[in-house]
Amino acid sequence: MKIQQVAEKTGLTSKTIRFYEQKGLITPPHRADNGYRDYGEQHVSELQMIRRARLVGFTLDESGDLLALSRDPSLRSADVKARAESKLVEIDEKIAELAAMKTTLHALTQACPGDGDAQCPIIEALRGDSELGDLKADATSCCASGTQSPAVN
């Protein structure tokens with residue numbers, strides 16, 4: 001099957017499929033005499049697994065690890081469950097970070113009159129010139145997992 005057919009079956013682009021092949025995530029497809037890739041149902045299955053793993057929050061590397069585990073004849077569901085539980089903890093931490101960011105941003109927008117004046121409590125708080133609270137402390141508390149939130153980067 002040609003790459004476009006695989007793309008249609010998996011919901012991935014041809015470029016993404018080639019990228020996953022280049023990264024060594026999927027089994028290399030057979031090459032025809034003309035150099036074209038010839039994919040089979042195994043490739044469709046591998047690509048669907050990566051796509052679905054990505055949809056539930058696994059990184060590309062983690063998705064590749066799960067795919068490798070699925071190929072392992074000594075696969076233990078306990079190993080897969082441990083990875084999924086770890087991902088759940090990570091997702092919960094991200095949700096808490098986002099909630100803290102939202103609370104802080106909500107407080108800032110409530111403090112800003114949004115009028116024609118040059119004085120802006122949001123800018124003042126971002127500069128650290130405000131009485132609205134310590135954004136650095138808020139950012140630290142929202143990022144207790146050791147990762148910086150996108151708003152802090």
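Each residue of the sequence shown is one higher than the last, beginning at 1 in UniProt numbering. Ideal placement from N, C-alpha and C gives every residue a C-beta, glycine not left out. These figures come from a predicted structure and were not determined experimentally.
When burial is assigned at 16 or more other CB atoms within 10 Å of the CB, is residue i buried or exposed?
i, result
"T10", "buried"
"E46", "buried"
"E97", "buried"
"T104", "buried"
"A118", "exposed"
"A100", "buried"
"L25", "buried"
"V89", "exposed"
"C142", "Low local confidence applies: a pLDDT of 44 at C142 is under 50, so the model's placement there is unreliable, with the coordinate-based value given in what follows. C142 comes out buried."
"P121", "buried"
"I95", "exposed"
DSSP three-state call for residue i: helix, strand or coil?
i, result
"D33", "coil"
"D38", "strand"
"L126", "helix"
"residue 156", "Residue 156 falls outside the range modelled here, since the chain spans only 1 to 153, and no answer is possible."
"Q119", "coil"
"K15", "helix"
"I26", "coil"
"V44", "helix"
Leaving out five residues before and five after residue i in sequence, what residues of the same chain have Cβ atoms less than 8 Å from its Cβ?
i, result
"P29", "E21, R37, D38, Y39, G40, H43"
"Q5", "Y39"
"L75", "L69"
"D79", "L69"
Between which residues of its own chain and residue i is the CB-CB distance below 6 Å, once the five residues before and five after are set aside?
i, result
"R54", "S63"
"I91", "G57"
"I65", "According to the sequence displayed, residue 65 carries Asp and not Ile. Contacts found: none."
Less than 7 Å between C-beta atoms, sequence neighbours within five positions excluded: which residues of the same chain meet that for residue i?
i, result
"L12", "L47, R51"
"C112", "C120, P121, I122"
contact_flag[the stretch 42-55, the stretch 10-29] where n(CB pairs < 8 Å) is 3 or more: Remark: three or more beta-carbon pairs, one from each stretch, lie closer than 8 Å, so the stretch 42-55 and the stretch 10-29 are flagged as touching.
Meets three-Cβ-pair contact criterion under 8 Å: the stretch 120-129 and the stretch 97-110: Yes, the stretch 120-129 touches the stretch 97-110.
Cβ pair count under 8 Å reaching 3, the stretch 79-88 against the stretch 58-69: A contact is defined here as three or more CB-CB pairs under 8 Å, and the stretch 79-88 meets this definition with respect to the stretch 58-69.
Whole alpha helix (DSSP H) elements within the stretch 46-117, 4-residue minimum: For the stretch 46-117, the continuous alpha helix (DSSP H) assignments of 4+ residues that do not extend past its boundaries occur at 60-71, 77-111, in sequence order.
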